[in-house]
Ligand code: TYD
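Numbering (the working numbering), first residue to last: 69 to 276.
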């Protein structure tokens, strides 16, 4: 079976972590071995992004977009932890966030075209086989974020920004579908089991 590159996206609080774990479990029943990864990465290029997201390191929007691109290229190409190296070994890769987040979040500030040029035209940034978007209204998202006591509030977590970003994501998906990308928009307001089933229905045909 050809390994696939699967990306999960969603505004903050959409439940990506839970659903990625459930998808890995469900795919293992088909005999598909999955490696779970995330952006920003846990490599130095990703750690510096976390500093910027927390507000501890002041950077401009343009610098931020560049930092995400640098981290993404390393994420693709790193010999040990990289996306390419896993796919080459026959392992399916599931990433928590990818360039869709840049197109939505940084695109909202810098304009879509500029961020698209940095990401979509970069030969070291692979196109995923499917993007699963966990869709949640900003109200529901903030409600869930509020219940997570262990995470510091990051600069992007407020209502207007979440609403604007959700609209940006939809705009991004419309444009990328025109380029032939496979995008599954999943209603993430149900129970974890219901959501997992909807995701599996969209992802499992890739392995047939
Ligand atoms: P993270 O703590 O991973 O949040 P979550 O669990 O919701 O994914 O923080 C990642 C943050 O970085 C999130 O607010 C979105 C933002 N981000 C961008 O702005 N651009 C990007 O390209 C990526 C990958 C993430």
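Using N, Cα and C, we set each Cβ at its ideal position, and we do this for glycine too. Bear in mind the structure is a predicted one, so any value in this text is a computation, not a measurement.
Three-state class that DSSP yields for residue i in the structure shown
i           : result
residue 78  : strand
residue 160 : strand
residue 203 : strand
residue 106 : strand
residue 147 : coil
residue 256 : coil
residue 142 : helix
Cβ separation of residue i and residue j, assumed to be a contact under 8 Å, to the nearest whole Å
i           : j           : result
residue 256 : residue 203 : 6 Å
residue 73  : residue 155 : 6 Å
residue 83  : residue 263 : 7 Å
residue 85  : residue 172 : About 19 Å; that fails the 8 Å criterion.
Sequence-distant residues of the same chain with beta carbon closer than 7 Å to residue i, five excluded per side
i           : result
residue 88  : 76, 104, 162 and 164
residue 207 : none
Option nearest residue i by Cα separation, candidates the options
i           : options               : result
residue 140 : 248, 239, 167 and 229 : 167
residue 277 : 236, 263, 268 and 91  : No information on residue 277 is available, as it lies outside the stretch 69 to 276 that the chain covers here.
residue 138 : 153, 156 and 107      : 107
residue 81  : 227, 194, 127 and 90  : 227
residue 112 : 153, 142, 213 and 205 : 142
residue 247 : 151, 116 and 195      : 195
residue 191 : 170, 152, 169 and 229 : 152
residue 193 : 114, 136 and 230      : 136
Cβ-based neighbour list, residue i, same chain, cut-off 6 Å, excluding 5 preceding and 5 following
i           : result
residue 69  : 275
residue 125 : 119
Heavy atom of ligand 2 within 7 Å of residue i beta-carbon
i           : result
residue 170 : With respect to ligand 2, the structure shown offers nothing to examine, as its ligands consist of ligand 1.
| task | Would you check if the stretch 94 to 102 and the stretch 160 to 174 touch, i.e. whether three or more CB-CB distances between them fall below 8 Å? | result | yes
inquiry  = Using 8 Å as the cut-off, can you tell me whether the stretch 130 to 150 makes contact with the stretch 109 to 121, which would need three or more C-beta pairs spanning the two stretches below that distance?
reply    = yes
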